[in-house]
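Numbering (this note's numbering), first residue to last: 2 to 547. Glycine residues also receive a C-beta, built at the ideal position from the N, C-alpha and C atoms. Computed from a predicted model, the values in this text were never measured in an experiment.
Here is the structure:
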């Protein structure tokens with residue numbers, strides 16, 4: 002079910018009324034919210050791409066039972082393990098393995114099987130071997146990447162001894178399937194949510210007004226800044242990039258960068274708001290990511306619950322920042338590679354993952370080195386070698402993978418080398434112009450790398466990059482974007498660059514001061530705007546496909 006739809010309005014009003022009517026009957030309230038969450042999941046939207054059938058809810062139930070059982074089996078053997086019983090330790094590890102294999106096995110089968118089969122065929126063809134590779138007709142269950150990580154973190158925390166397993170299956174089931182964040186996050190940890198189920202929910206005016214405000218902001222982000230811009234401009238450019246000028250392609254990348262943020266953060270805003278209306282809090286997922294001054298800061302602000310999940314359950318277990326520099330860089334590369342690959346299974350995401358992973362390695366090196374050392378002939382030699390290696394790698398990517406012409410690939414390599422030198426030699430100070438320059442460089446790295454995130458295949462990525470590097474100087478054709486689309490694109494990016502307190506403090510303060518009827522009119526106006534702008538109906542959230 003889509004948040005921005007009339008169906009959801011018909012769903013949420015009775016759910017809120019009944020949930021609060023059962024506020025003093027904890028067991029029935031939890032069971033009711035579980036039933037509502039399963040209904041929400043099964044009432045999938047009729048959108049493109051085709052959504053999986055309702056009975057995929059069985060996978061959700063299977064994941065719930067699997068981790069509930071595994072966590073209790075681990076906890077039952079923990080006292081013996083702590084007493085030094087080697088058999089108990091092996092049993093705990095075995096039950097953790099069952100959880101990992103079961104959850105990641107399902108995720109891998111539905112999400113990555115066809116990619117690995119296709120990759121095997123591509124590699125064989127590159128080696129001159131003809132093979133017939135099957136393509137399975139698999140539909141990705143909505144939200145599987147989110148709820149898999151959520152339940153896995155619970156079992157891992159029990160295995161680590163940091164969490165006592167929840168004795169009530171119904172409370173644990175609600176933690177897994179809580180509908181506001183079930184299909185597209187935020188990814189909630191057990192210690193953040195389960196304790197709330199052990200306390201009576203409190204109906205407060207502050208939570209109600211904050212929840213309504215977050216929902217209103219989320220709806221406007223998702224429908225106006227996300228769906229409308231995509232329908233008016235972005236989708237058309239990515240569908241046929243060869244028919245657009247260099248500046249129009251660049252403009253489409255700006256538009257998609259705004260669309261992706263508005264779509265996902267808008268969903269998170271609505272999820273947080275709905276949870277507040279039900280009396281619960283879930284974690285924030287975005288913190289003005291395009292204001293980041295470097296890529297490390299960007300990933301600490303973007304999809305924060307995924308970034309912290311992979312930090313805690315991949316980066317730290319690998320050793321984190323301990324060990325030799327080579328080991329630390331490997332840990333960081335693998336973590337960031339998995340961040341990228343979590344989003345999708347294709348050659349585009351292989352490239353996207355490595356671009357961000359290698360940029361994160363560069364960011365760590367650049368921030369850790371001594372910038373005050375004078376540049377000498379000896380000290381400049383590694384710089385020259387590094388720039389040449391980077392240029393060669395990007396040129397090889399352009400020619401061998403993207404099949405760009407040599408001149409175009411050379412232009413791409415030269416651009417990458419120039420950006421490397423600029424970012425590496427640019428000092429970091431508190432001066433406003435320096436901060437603005439770092440933000441602009443990080444933002445444009447994000448914008449340009451979105452080519453691989455959005456393009457349907459490598460051929461589309463090639464066409465987009467080739468179009469960007471044509472530098473045809475034809476500009477933007479009159480009438481390509483309506484005045485409203487221009488206003489939303491420019492205004493949306495400008496809004497994102499405003500200080501956070503303007504919206505979260507001053508904007509919310511104004512909202513709270515409004516009388517109830519005025520707030521009702523605001524929601525009615527938002528609903529009318531969505532209806533008028535999205536004549537083709539609401540769109541599925543981009544992250545549903547992940």
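(request) With DSSP as the reference, label residue 162 as helix, strand or coil. (result) coil
(request) Output the residue ranges of the alpha helix (DSSP H) runs that lie fully inside the segment 287-359 and measure 4 residues or longer, sorted by chain position. (result) 296-302, 305-311, 326-343
(message) Can you give me the C-alpha to C-alpha distance between residue 254 and residue 448, rounded to a whole angstrom?
(response) 6 Å
(request) Check whether the Cβ atoms of residue 297 and residue 260 lie closer than 8 Å to each other. (result) Not closer than 8 Å, so no.
(message) The alpha helix (DSSP H) that contains residue 452, what's its start and end?
(response) 433-455
(request) Could you pull out every unbroken alpha helix (DSSP H) segment of at least 4 residues lying fully inside the segment 109-159, listed in chain order? (result) none
(message) Check for me: the alpha helix (DSSP H) holding residue 214 runs from which residue to which?
(response) Under the DSSP assignment, residue 214 falls in the alpha helix (DSSP H) whose first and last residues are 206-220.
(request) Could you check if residue 251 is buried or exposed, using at least 16 other CB atoms within 10 Å of its CB as the buried criterion? (result) buried
(request) Determine the closest residue to residue 300 out of 530, 151, 491, 364, with distance taken between C-alpha atoms. (result) Nearest to residue 300 by C-alpha distance, out of 530, 151, 491, 364, is 364.
(request) Compute the distance between the beta-carbons of residue 418 and residue 392, then report whether it is under 8 Å. (result) yes
(message) Taking the alpha carbon of residue 340 as the reference point, which residue from 399, 328, 357 has its own alpha carbon closest?
(response) Of the candidates 399, 328, 357, the one whose C-alpha sits nearest the C-alpha of residue 340 is 357.
(message) Could you give the first and the last residue of the continuous alpha helix (DSSP H) run that contains residue 14?
(response) 7-22
(message) Suppose the cutoff is 8 Å on Cβ atoms and the five residues either side in sequence are ignored; what does the same chain contact list for residue 153 look like?
(response) Taken in chain order, the residues that qualify are 68, 100, 101, 104, 105, 314.
(message) Between the segment 276-293 and the segment 324-339, can you find at least three pairs of beta-carbon atoms closer than 8 Å?
(response) no
(request) Identify the continuous alpha helix (DSSP H) that holds residue 1 and give its terminal residues. (result) In the structure as shown, the chain starts at 2 and stops at 547, and residue 1 therefore has no counterpart that could be examined.
(request) Could you check if residue 498 is buried or exposed, using at least 16 other CB atoms within 10 Å of its CB as the buried criterion? (result) When all chains shown are included, residue 498 counts as exposed.
(message) Residues in the same chain with beta-carbon distance under 7 Å from residue 400, minus the five sequence neighbours each way, listed in chain order, please.
(response) Excluding residues up to 5 positions away in sequence, 407, 410 lie with their Cβ nearer than 7 Å to the Cβ of residue 400 in the same chain.
(message) Buried or exposed for residue 270, going by 16 or more other Cβ atoms inside 10 Å?
(response) Under this definition residue 270 is a buried residue.
(request) Return the chain-ordered list of same chain residues with a C-beta closer than 8 Å to the C-beta of residue 387, the five sequence neighbours on each side being excluded. (result) Hits under 8 Å: 421.
(message) Excluding the 5 residues flanking residue 443 on each side, which residues of the same chain have their C-beta closer than 7 Å to its C-beta?
(response) 293, 294, 295, 296, 299
(request) Decide yes or no for the touch test of the segment 228-240 against the segment 191-208: beta carbon pairs closer than 8 Å, at least 3 of them. (result) no
(request) Could you pull out every residue in the same chain whose Cβ sits closer than 6 Å to the Cβ of residue 360, ignoring the five residues on either side in sequence? (result) Same-chain partners within the cutoff: 296.
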